[in-house]
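This report concerns only the one structure given below.
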Amino acid sequence: MLLDIVLKGVFKKGRLTLIDHKGRARHYGEANPADGRHITLRLHSASADRRLALNPNLALGELYMNGEISIEGGSIYDFLALGVSNLGPYGKVPLSGLRNAYECTFRLWHQFNAES
């Protein structure tokens, strides 16, 4: 699971439990967080993990509003607060460099608009 790589690289403080669409649980962060923050993210569709891993900035809101993910043990605000507290100084997540390289490489192609 691609999302597993991303979450392992991000969550060090607090506790996040991810339950995929098949019911398998994975845990990230501290086993017993000092501040007691423990959020569970449940995925309801098979494509949600890939979409979250490849473009979390866009996919998180879309998946939440479409009901493809749900948050247990807190609200969306609690999940975002936990995520932001774990991000580095520039908000980079694992694989974001790969995505940025892809976007830069194909930007000219996507923006090309010939007169004809």
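Start counting the sequence shown at 4; every next residue gets the next number (the numbering used here). Every residue gets a Cβ at the ideal spot worked out from N, C-alpha and C, and that includes glycine. As the structure is a prediction and not an experimental result, all values here were calculated from the model.
By the three-class DSSP mapping on this structure, what secondary structure does residue i have?
| i | result |
| --- | --- |
| Glu75 | strand |
| Phe115 | coil |
| Met68 | helix |
| Leu61 | helix |
| Leu90 | coil |
Tell me the rounded alpha-carbon separation between residue i and residue j.
| i | j | result |
| --- | --- | --- |
| Leu21 | Asn60 | 18 Å |
| Thr108 | Phe115 | 13 Å |
| Arg53 | Leu66 | 11 Å |
| Ile74 | Ser48 | 14 Å |
| Ile42 | Ala51 | 18 Å |
| Trp112 | Ala56 | 24 Å |
Spatial neighbours of residue i within its chain, please: C-beta separation below 8 Å, excluding the five flanking residues on both sides.
| i | result |
| --- | --- |
| Lys15 | Gly32, Glu33 and Asn89 |
| Gly70 | His47 |
Could you name the residues of the same chain whose beta carbon sits closer than 7 Å to that of residue i, not counting the 5 residues immediately before and after it, in chain order?
| i | result |
| --- | --- |
| Lys11 | Tyr31 |
| Ala37 | none |
Near residue i, what residues of its chain come up, given a Cβ to Cβ distance below 6 Å and the 5 sequence neighbours on each side ignored?
| i | result |
| --- | --- |
| Phe82 | Ile42 and Ile74 |
| Gly17 | Gly32, Pro36, Arg40 and Leu85 |
In chain order, which continuous runs of the alpha helix (DSSP H) of length 4 or greater are located wholly inside the stretch 12 to 50?
-> none
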